[in-house]
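**Q** Numbering (the working numbering), first residue to last: 258 to 752. Quick reminder that beta carbons are idealized off the backbone N, C-alpha and C, glycines included. What you are looking at is a predicted structure, and each value in this text was computed from that prediction instead of being measured.
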């Protein structure tokens, strides 16, 4: 790694970085060396990266500079980014935050990774995450907990906490995440960045290691809605190798940022999102943000999503059930960690899985296996799927009278490391406002809306299926009138 490189936080947007590269003000090699230096100097206190690929990143940076020189560059060419360590990367460790896959180097790239390579982005490394994406705090990683750059005694959120912390900490300008029940939006809220969970099927899941197949969705994480629009343009495309991928015409998400007026936009405000459990300071921040939308010409309408409270029990039956099936392949024979000197086949299976999986993963496998077992399938899994359908129906009814839905992303701000690890139920309640979106397959995003006790607060915007352009435009217009997304850790927050 180059020594003597300035390790000051680089807060330039993707568009600004792209313009600097296009105008010859900097090079991809210089940006990459600077990012590597920042990670080397600053990530020891954050633990946001599991793997840093300095050699591969510099090689890709040199290729990007050659591409820029011959006039063959796109808007992301030469910009260093990170991928959540759930996306397969050819020849580079893909661990899913688990001992089970600690030594796994895939022979292929996930479709999302391949699309960023085609765009010319430089892969700097793989970010920390809750093991197999199971968690809301990034404390379940085999590689240790990740810290929040705003207060290193607090969690960054999970499971995409490493990506959120790396962006908030100024190590990279953008990263990918995945969202099964809020795992992009919740860490985005806790770390004061912008994160988008797209409509289920918009972004390919091929090569994204599965947790819950009917819920998992990859998406972009960055400082602003404009940057997320740029990233989504690279990520969203039909993948014939993914049976859940939806075939739709390509969209210019960046161009669409100005095409949706806030004048007359109907914003639904669910009363269930503002009841018991919501921190008063967070509620005040969200109220102020909604008033800002009103000042831009939007109209607010109180709506009801009556089955919001049922999203937690429904999710924590469906997701573990799918996880128990997806993770059954990791048995020490076909895939994953293998124990030493097994006595017999049963001992091989048992100890390999016990050693390879952490407590939270084992807990969810047990719950999921029980829910799918004979005699309990109808009582639990089938009922949860019926509730899921009702939750989706609540959203469909709401969208008959509103264009988007807005509310808090989380009930409170980032909590202390270790505060909820002994109480899984309390941890699960952190996702009360995000889970139902995944159950319904809708797009949603979190954007910075203010601060409570010097910690970021996220505003969640929820849209109709494949209405990402409207969500991004609404967030962008809000960010043109506010400065919350430009606030930096270590500085006194100001409007």
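According to DSSP, residue 411 sits in a beta bridge with which residue or residues?
**A** DSSP, once it has assigned bridges, lists 673 as partnering residue 411.
**Q** Can residue 438 and residue 460 be called in contact, C-beta distance under 9 Å?
**A** No, they are not a contact pair.
**Q** In the structure shown, what three-state DSSP assignment does residue 733 receive?
**A** Helix, per DSSP.
**Q** According to DSSP, what are the bridge partners of residue 405?
**A** In DSSP, residue 405 forms a bridge with 408.
**Q** Closest to residue 338 by CA distance: which of 568, 381, 500, 300 is it?
**A** Looking at the Cα atoms, 381 is the closest of the given residues.
**Q** Report, in whole angstroms, the separation of the C-beta atoms of residue 464 and residue 368, which I expect to be a contact under 8 Å.
**A** That pair is a contact at about 6 Å.
**Q** Under 8 Å by Cβ, that's how I've got residue 648 and residue 576 pegged, so tell me the actual separation to the nearest angstrom.
**A** With a Cβ gap of about 14 Å, residue 648 and residue 576 do not count as contacting.
**Q** What are the start and end residues of the alpha helix (DSSP H) that includes residue 498?
**A** Segment: none, residue 498 is in no alpha helix (DSSP H) and carries neither H nor E.
**Q** Give me, in chain order, the residues of the same chain whose beta-carbon lies closer than 6 Å to that of residue 645; leave out the 5 immediate sequence neighbours on both sides.
**A** Cβ neighbours of residue 645 beyond the five flanking positions: 571, 696.
**Q** Does DSSP put residue 306 in a helix, a strand or coil?
**A** Three-state DSSP puts residue 306 in a strand.
**Q** In whole angstroms, what is the alpha-carbon distance linking residue 458 and residue 679?
**A** Cα to Cα, residue 458 sits roughly 35 Å from residue 679.
**Q** Taking only runs that begin and end inside the region 358-446, name each unbroken beta strand (DSSP E) of 3 or more residues, in chain order.
**A** Listed in chain order, they are 379-384, 431-435.
**Q** How would you write the range of the alpha helix (DSSP H) that residue 681 sits in, first residue to last?
**A** It spans 681-685 - the alpha helix (DSSP H) in which residue 681 sits, taken as one unbroken run.
**Q** Can you give me the C-alpha to C-alpha distance between residue 574 and residue 641, rounded to a whole angstrom?
**A** In a straight line, the C-alpha of residue 574 is about 7 Å away from that of residue 641.
**Q** Report all residues from its chain with a CB closer than 7 Å to the CB of residue 343; omit the five preceding and five following residues, and keep chain order.
**A** Closer than 7 Å at the Cβ level, and outside the excluded window around residue 343, lie 353, 386, 390, 435, 465, 466.
**Q** Taking just the CA atoms, how far does residue 603 sit from residue 351?
**A** Distance between the alpha carbons of residue 351 and residue 603: 27 Å.
**Q** Would you mind working out which of 482, 440, 497, 487 sits nearest residue 474, comparing C-alpha positions?
**A** Among 482, 440, 497, 487, the Cα nearest to that of residue 474 is on 440.
**Q** Measure the alpha-carbon distance for residue 546 versus residue 591 and round it to whole angstroms.
**A** Residue 546 and residue 591: Cα-Cα distance of roughly 51 Å.
**Q** Based on the DSSP secondary-structure assignment, which residues constitute the bridge partners of residue 717?
**A** BP columns for residue 717 point to 664, 703.
**Q** Would a C-beta distance cut-off of 9 Å place residue 456 and residue 503 closer than the cut-off?
**A** Going by C-beta atoms, residue 456 is nearer than 9 Å to residue 503.
**Q** Counting Cβ pairs closer than 8 Å, one from the region 524-531 and one from the region 544-563, do we hit at least three?
**A** The answer is yes - the region 544-563 touches the region 524-531, with three or more Cβ pairs under 8 Å.
**Q** With a cut-off of 8 Å, do at least 3 Cβ pairs link the region 497-515 to the region 290-298?
**A** Contact between the region 497-515 and the region 290-298 is absent, because fewer than three Cβ pairs lie under 8 Å.
**Q** So, do the region 395-414 and the region 444-451 have three or more beta carbon pairs nearer to each other than 8 Å?
**A** Yes, the region 395-414 touches the region 444-451.
**Q** In angstroms, rounded to a whole number, what distance separates the CA positions of residue 707 and residue 723?
**A** Roughly 28 Å between the two C-alpha positions.
**Q** Among 650, 287, 580, 271, which has the Cα closest to the Cα of residue 311?
**A** When each option's Cα is compared against that of residue 311, the closest is 287.
**Q** Please classify residue 337: does DSSP put it in a helix, a strand, or coil?
**A** Reduced to three states, the DSSP call for residue 337 is strand.
**Q** If we ignore side chains and look at the alpha-carbon of each, how far apart do residue 746 and residue 421 end up?
**A** Looking at the two C-alpha atoms, the distance is approximately 13 Å.
**Q** Three or more C-beta pairs closer than 8 Å, one from the region 313-322 and one from the region 353-364: is that the case here?
**A** No: fewer than three Cβ pairs fall under 8 Å.
**Q** Please go through the same chain and pick out, in chain order, the residues whose beta-carbon is closer than 7 Å to the beta-carbon of residue 669, but skip the five residues on each side of it.
**A** For residue 669, where only same-chain residues beyond five positions count, the Cβ hits under 7 Å are 536, 539.
**Q** Residue 290 to residue 409, Cα distance in whole Å?
**A** So the alpha carbons of these two residues sit roughly 25 Å apart.
**Q** Run through the DSSP bridge pairs and tell me what residue 477 is partnered with.
**A** Note: residue 477 sits in a beta bridge opposite 433.
**Q** What separation, rounded to the nearest whole angstrom, lies between the Cα atoms of residue 261 and residue 664?
**A** Since pLDDT at residue 261 reaches only 45, below the 50 mark, its modelled position is unreliable, and the value read off the structure follows with that caveat. Those two C-alpha atoms are separated by around 45 Å.
**Q** Cβ of residue 511 within 9 Å of Cβ of residue 487?
**A** The answer is yes: Cβ separation under 9 Å.
**Q** Could you compute how far the alpha carbon of residue 513 sits from the alpha carbon of residue 332?
**A** If I take the Cα positions, the gap works out to 16 Å.
**Q** DSSP three-state call for residue 264: helix, strand or coil?
**A** Coil.
**Q** Less than 9 Å separating the beta-carbons of residue 660 and residue 524?
**A** Contact flag set, yes.
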